[in-house]
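Q: Take this structure, written in structure tokens, and hold onto it; I'll ask about it next.
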Amino acid sequence: MVRTAADDTTRLWEGLTRAHNLMTAALEKDLLPQAGMPLAWHEVLHHLTEAPGGLLRFQELAKVSGITDSGASRRLDQMIKAGLIDRQSCPTDRRGVYAHITDEGRTAYKRAHTVFVRSLAKNRELLEGLSLPT
16 MVRTAADDTT RLWEGLTRAH NLMTAALEKD LLPQAGMPLA WHEVLHHLTE APGGLLRFQE
76 LAKVSGITDS GASRRLDQMI KAGLIDRQSC PTDRRGVYAH ITDEGRTAYK RAHTVFVRSL
136 AKNRELLEGL SLPT
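Using the numbering used here, read the sequence shown as starting at 16 and increasing by one per residue.
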């Protein structure tokens, strides 16, 4: 049987999906008990630490996190209750709302990111073998 470019692309996609799922599970397994937060919270805090002033509009945060606006709203509400972020009104658009990382959120992110990086290194073999077909 002749291997086609479509076969190679399909295999690459399957490998990426498998590696993503395995790495996500490994990161969750380490982050929850060691840092007290799920991977999704770490991702939100990461985006906020990278944003100017630690601020991102809810819609932008949903977009960069790859979730729906309603999913982001639920996630951010949980993080607000945990004291990791707060809500700030947009001064130029009264309908706009920003998520802002709190000092407690920055501290929690630093702790979680240390666990995240250590877990990536520990589970690096899950990513081995991924390469573009030649």
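Every residue, glycine too, gets a C-beta built ideally from N, C-alpha and C.
1. For residue 92, which three-state DSSP category applies?
2. With a 10 Å radius around its C-beta and 16 neighbouring C-beta atoms as the bar for buried, classify residue 31 as buried or exposed.
3. So the alpha helix (DSSP H) residue 40 belongs to, where does it begin and stop?
4. What separation, rounded to the nearest whole angstrom, lies between the Cα atoms of residue 52 and residue 18?
5. Return the residue from the list 62, 26, 38, 22 that minimises the CA-CA distance to residue 125.
6. If you compare alpha carbons, which of 54, 66, 24 is closest to residue 130?
7. Tell me, please, which residues DSSP counts as bridged to residue 113.
8. Can you tell me whether residue 57 is buried or exposed? The criterion is at least 16 other CB atoms within 10 Å of its CB, across all chains shown.
9. Just reading off the alpha helix (DSSP H) that residue 119 is part of, what are its end residues?
10. When you compare each of 108, 138, 101, 25 to residue 68 by their alpha carbons, which one comes out closest?
A: The short version:
1. Translated into the one-based positions of the sequence shown, residue 92 becomes position 77. The answer is helix: DSSP assigns residue 92 an H, G or I state.
2. For the purposes of this step, residue 31 is taken as the residue at position 16 of the sequence shown. Residue 31 comes out exposed.
3. Position 25 of the sequence shown, counted from the first residue, corresponds to residue 40. 20 to 50 is the span of the alpha helix (DSSP H), which, as asked, contains residue 40.
4. The residue given as residue 52 occupies position 37 in the sequence shown. The residue given as residue 18 occupies position 3 in the sequence shown. The alpha-carbon atoms of residue 52 and residue 18 are separated by roughly 44 Å.
5. Here residue 125 refers to the residue found at position 110 when the sequence shown is read from its first residue. Looking at the Cα atoms, 62 is the closest of the given residues.
6. The sequence position of residue 130 within the sequence shown is 115, counting from 1. The shortest Cα separation from residue 130 among 54, 66, 24 belongs to 54.
7. As a position in the sequence shown, residue 113 is number 98, starting the count at 1. Beta-bridge pairing links residue 113 to 72, 103.
8. In the sequence shown, counting from the first residue as 1, residue 57 sits at position 42. Buried, because 16 or more other Cβ atoms sit within 10 Å of the Cβ of residue 57.
9. Within the sequence shown, residue 119 is the residue found at index 104, counting from 1. 118 to 137 is the extent of the alpha helix (DSSP H) around residue 119.
10. As a working note, residue 68 is residue 53 in the sequence shown. The shortest C-alpha separation from residue 68 is found at 101.
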